[in-house]
Amino acid sequence: SNVIYDIAFDTLGNGWLATANGLAKVKPDFYTEVKFSTPSVGSMVKAFPNPTQGILNIQLPAGVNSAQMVLYDMNGRAVLKMNLNSLKTTIVLSKQLEKGIYFLQIRAQSHVSSQKVLYY
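For the sequence shown, the working numbering gives the first residue as 1, with consecutive numbering after it.
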């Protein structure tokens, strides 16, 4: 089964995927880590409820008038792209999307926010 239940990183930077078939190790050179040294607009973006049954609210911080949102599946494919033009946007996830783990990326001003979203 290709279902991924959780993702974790160890102190050596290795990624670990918990799947129905056991654990899979992802080497550090397989992904890029992004860190912000100070609190940013990206770290203040809220997506809820998470986990979701298909309705996802995205709340931008005060003072941010627009942002770009991309939802990626576990294979890194962009499955949904939207421009966000208000402080709070409600998104209805397509019934064609498989239930599972997705990554929500929001670009606001010069900052990027990424978070895991569970769709069940």
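The C-beta atom is built at its ideal place from N, Cα and C for all residues, glycine as well.
Rounded straight-line distance, which links the Cα of residue j to that of residue i
{"i": "K209", "j": "W16", "result": "Because the chain is modelled from 1 through 120, residue 209 falls outside the range shown and cannot be assessed."}
{"i": "V79", "j": "T11", "result": "31 angstroms"}
{"i": "V64", "j": "T90", "result": "16 angstroms"}
Beta-carbon proximity of residue i to residue j, cut-off 8 angstroms
{"i": "G54", "j": "V92", "result": "yes"}
{"i": "L118", "j": "L87", "result": "no"}
{"i": "R107", "j": "A67", "result": "yes"}
{"i": "Y5", "j": "A18", "result": "yes"}
Local conformation of residue i per DSSP, three classes
{"i": "M44", "result": "helix"}
{"i": "K88", "result": "strand"}
{"i": "K95", "result": "coil"}
{"i": "F36", "result": "Note that F36 scores a pLDDT of 47, beneath 50, so its modelled location is shaky and nothing firm can be said."}
{"i": "D73", "result": "coil"}
Limits of the beta strand (DSSP E) - the one that residue i falls within
{"i": "R107", "result": "100-108"}
{"i": "Y120", "result": "Segment: none, Y120 is in no beta strand (DSSP E) and carries neither H nor E."}
{"i": "M82", "result": "78-84"}
{"i": "T19", "result": "15-19"}
{"i": "T11", "result": "Careful: T11 lies outside any beta strand (DSSP E) and carries neither H nor E."}
- In chain order, each beta strand (DSSP E) run of at least 3 residues that lies wholly inside the region 47-71: 55-59
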